[in-house]
């Protein structure tokens, strides 16, 4: 029998603070924390940045949350990327052939994955992709944004030479600051995102095609629950809560559980900007019809100039949200 669930730690920030999230392996997370938490303590003392690592994983990776004033966050970002470079360096040396010479941290190829709000990603992409193209040219790095948001966040992957990746990620913090909405997702819980934070890869930005679905077919849009069944647990080493998923059979029966179906939930997913009118209908007739038949509040964010997608937010009881999601996708697939 499980006892009562401890309350999940909630991060608090001051007005004007920004939050940057970086995905790292468990090994890198351990390097960041340091022996007895020495790494985190030293960074906090030096920079004043809030650094927290959620124990619940996102797609098998741990989420490092850096928050505070811009200067403090920049120091935190530099610290985390240095640890990522150490990890990449170790991997490169292990694969290096004899006589190939030494590899420096700065020259090693590095990939950094950030969790950003759709608003931030839109600013990075820019009108018709002009901003992201300029960033690629200026830093010599490849930037790839996954098209579908998860719980109000999108994955942006930056790949290139170590020192240039570091400089580019620091530059991207400007876009996070400019978007002004990073605190809204600071406390997202990833415990309900698949088993052990797993989940499917829904594809990346590719003009003219949606994210890949099962069987290689394209799907129009998808989303994820905003943690209605999150299972935060006891804190682990003082640096983040550890999650548990209960008994497997209980999860498999969740779709028929009345208490689950009647609980309030929110999902967000992206649709093509050009298809917004198809979902709304003339005078909002279709979106109102969806809301009336499901009891769900339907909100479609206004298109951001240059963005290819808009975010749809559905809020209501889980059963109604599921039906509303299907209705929206049906409108996207309709010819008229």
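Numbering (full-length UniProt numbering), first residue to last: 1 to 336.
Every residue, glycine too, gets a C-beta built ideally from N, C-alpha and C.
Look at the Cβ atom of residue i, then the Cβ atom of residue j, and state whether they are nearer than 7 Å.
| i | j | result |
| --- | --- | --- |
| residue 145 | residue 121 | yes |
| residue 51 | residue 40 | yes |
| residue 70 | residue 153 | no |
| residue 114 | residue 66 | no |
| residue 64 | residue 81 | no |
| residue 140 | residue 85 | no |
If I measure Cβ to Cβ from residue i and keep anything under 6 Å in the same chain, skipping five residues before and after, which residues do I get?
| i | result |
| --- | --- |
| residue 204 | Residue placement at residue 204 cannot be trusted, given a pLDDT of 39 that sits under 50; what the coordinates show is reported in the next sentence. Cβ neighbours of residue 204 beyond the five flanking positions: 144 and 146. |
| residue 216 | Because residue 216 sits at a pLDDT of 41, beneath the cut-off of 50, its placement in the model cannot be relied upon, and the following sentence gives the value as read from the coordinates. Counting only Cβ-Cβ distances below 6 Å, and skipping sequence neighbours, we find nothing. |
| residue 188 | 151 |
| residue 262 | 317 |
What does residue i pair with, by DSSP beta-bridge criteria?
| i | result |
| --- | --- |
| residue 315 | 266 and 297 |
| residue 88 | Paired residue(s): none; residue 88 is not in a bridge. |
| residue 21 | 65 and 115 |
| residue 133 | DSSP output for residue 133 lists no bridge partner at all. |
| residue 160 | 110 |
| residue 58 | 61 |
| residue 142 | 159 |
| residue 150 | 153 |
| residue 309 | 272 |
In chain order, what residues of the same chain lie with their CB nearer than 7 Å to the CB of residue i, ignoring the 5 residues before and after it?
| i | result |
| --- | --- |
| residue 326 | none |
| residue 323 | 294 |
| residue 179 | 117, 119, 120 and 123 |
| residue 185 | 117, 152 and 153 |
Grouping DSSP H, G and I as helix and E and B as strand, with all else coil, what is residue i?
| i | result |
| --- | --- |
| residue 51 | strand |
| residue 39 | helix |
| residue 11 | coil |
| residue 76 | helix |
| residue 334 | coil |
| residue 169 | helix |
Quick one: is residue i buried, meaning 16 or more other Cβ sit within 10 Å of its Cβ, or exposed?
| i | result |
| --- | --- |
| residue 46 | exposed |
| residue 285 | exposed |
| residue 198 | In this prediction, residue 198 has a pLDDT of 43, which is less than 50 and means its spatial position is unreliable; nothing more can be read from the coordinates. |
| residue 314 | buried |
| residue 309 | buried |
| residue 26 | exposed |
| residue 57 | buried |
| residue 10 | exposed |
| residue 28 | buried |
| residue 15 | exposed |
| residue 182 | buried |
| residue 302 | exposed |
Given the structure, does residue i come close to the ligand MN, in the sense that its CB is under 6 Å from one of the ligand's heavy atoms?
| i | result |
| --- | --- |
| residue 274 | Absence of the ligand MN from the depicted structure is noted, as is the absence of any ligand whatsoever, leaving it without description. |
Residues in its own chain within less than 8 Å of residue i by CB, not counting five upstream and five downstream?
| i | result |
| --- | --- |
| residue 127 | 305 and 306 |
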